Amino acid sequence: MPKETTVRIKEDFKEKNILSLTQFDIPSLLKLFSVADHMQLLSLNSSPVDILKGTITTLLFYEPSSRTFGSFAAAIKRLGGATVDIVNPQLNSSVAKGETLVDTIRTFEAYSDLIIMRHPEKGAAQQAAKAAFFIPIINAGDGIGEHPTQALLDLYTIYKKFGRLDNLTGLFAGDLLNGRTVHSLLKGLSLFKNNTIYLLSPQLLSLPSLEITRLKKCGLTIKEIRSEKEIPPQANFWYWTRVQKERFKDLEEYEKVKKSFVVTQTLLKKYAGKEMILMHPLPRLDEIESSIDADLRSVYLRSQVRNGMYIRMALVSLVLNKIT
Ligand code: NCD
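Per the working numbering, the sequence shown runs over residues 62 to 385.
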């Protein structure tokens, strides 16, 4: 019988794979957020903490990463845990000799208590979870599929700013087809009532219509727009994203759409409210002008990155059952 991999969390994170936002319900999110608040306090004190002492986590990253890799590594080390870092296994491990994903996972599960994996193929995290007999897998991004831990930190950032995750209006802009962080965050927002989401992208990079139908069924109100002029003035947050060059087969197509929507001072002045926040999963290329960084509504290089570490500290501690 195939092993069930995407088990619902239901406030019990112990030894569960974290593969998709579909595993979460509202109480589980709130539990994670309250542990993350506690982790923030621990980090601000910089006091020695040994919640993860004696544990080893494998960080298996087949794709480049700064924040996801760095914040997981820092999160685990802040809590006294250790990591085995396998960065670019295509070059630096037996994957270079042709070893399969299944064998790689079985090997590293023999050495560690948890595997956190980023992989270029959608569905690879599910495959890894099926292959692992003894330990959980956390999906750190599977191709254009999902990026659940980014969505968790994004939801936490919105929650901390507005004190709620319902009755919000949000704008998603950029590469909504290939942006895995968008796919996960929309699933998270669809758990809550009365959220209205505007989707701004070139036609070529639209969120797939199947996904839109599914999200609408879950209760999200979705409006696709094609021009900045249609940005709603009441938006609570803008979630801007990079056009994902590495997902294009034809680079000429990429060149045509890469600068479709750019946050400029003029755009902010015209369409953004005073209390909104401007988010971005990063890395940011040209789609947000650097002068915008100084605007206090820009949270991408402020609370959003910091929250990433707190959420990951909380998540790893809960999954490894070191905190309840
Ligand atoms: C994103 C990713 O890898 O999906 N980055 C991240 O993990 N924060 C976004 C991106 O690469 O554009």
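Beta carbons are placed, not taken as given, at the ideal position from N, Cα and C, and that holds for glycine.
All values reported here derive from a predicted model rather than from experimental measurement.
Applying the criterion that 16 or more other CB atoms from any shown protein chain within 10 Å of the CB defines a buried residue, is Leu-357 buried or exposed?
Counting the other Cβ atoms within 10 Å of the Cβ of Leu-357 gives fewer than 16, which makes it exposed.
Just list the residues that DSSP pairs Arg-179 with in beta bridges.
Phe-122
Tell me whether Thr-257 counts as near the ligand NCD, meaning its Cβ is closer than 6 Å to at least one heavy atom of that ligand.
no
Taking 6 Å as the cut-off, does the CB of Pro-342 come closer than this to any heavy atom belonging to the ligand NCD?
Answer for Pro-342: yes, Cβ within range of the ligand NCD.
Since Tyr-259 sits in a beta bridge, which residues does DSSP pair it with?
Tyr-259 is bridged to Leu-232, Lys-284.
Using the Cα positions of Asp-215 and Leu-246, report the straight-line distance between them to the nearest angstrom.
7 Å
Would you mind reading off the limits of the alpha helix (DSSP H) that contains Val-380?
364-380
For Asp-203, list the residues DSSP reports as bridge partners.
His-180
Among residues of its own chain, excluding the 5 on either side of Thr-302, which ones have a beta-carbon nearer than 8 Å to its beta-carbon?
Phe-233, Ala-234, Gly-235, Asp-236, Leu-237, Gly-240, Thr-242, Val-243, His-341, Pro-342, Glu-348
My assumption, with CB atoms under 8 Å, is that Asn-372 sits in contact with Leu-229. Please give the rounded CB distance.
For clarity, residue 372 is Ile in the given sequence; the question names Asn instead. Rounded, the Cβ-Cβ distance is 19 Å, inconsistent with contact.
If you draw a straight line from the alpha carbon of Asn-382 to that of Glu-76, how long is it in whole angstroms?
7 Å
Give the straight-line distance between the Cα atoms of Met-100 and Asp-311, rounded to the nearest whole angstrom.
One alpha carbon belongs to Met-100, the other to Asp-311, and they sit about 44 Å apart.
Could you tell me which of Gln-305, Ser-89, Thr-385 sits nearest to Gly-204, measuring between CA atoms?
Gln-305
Reduced DSSP category for Thr-385 - H, G, I as helix; E, B as strand; rest coil:
coil
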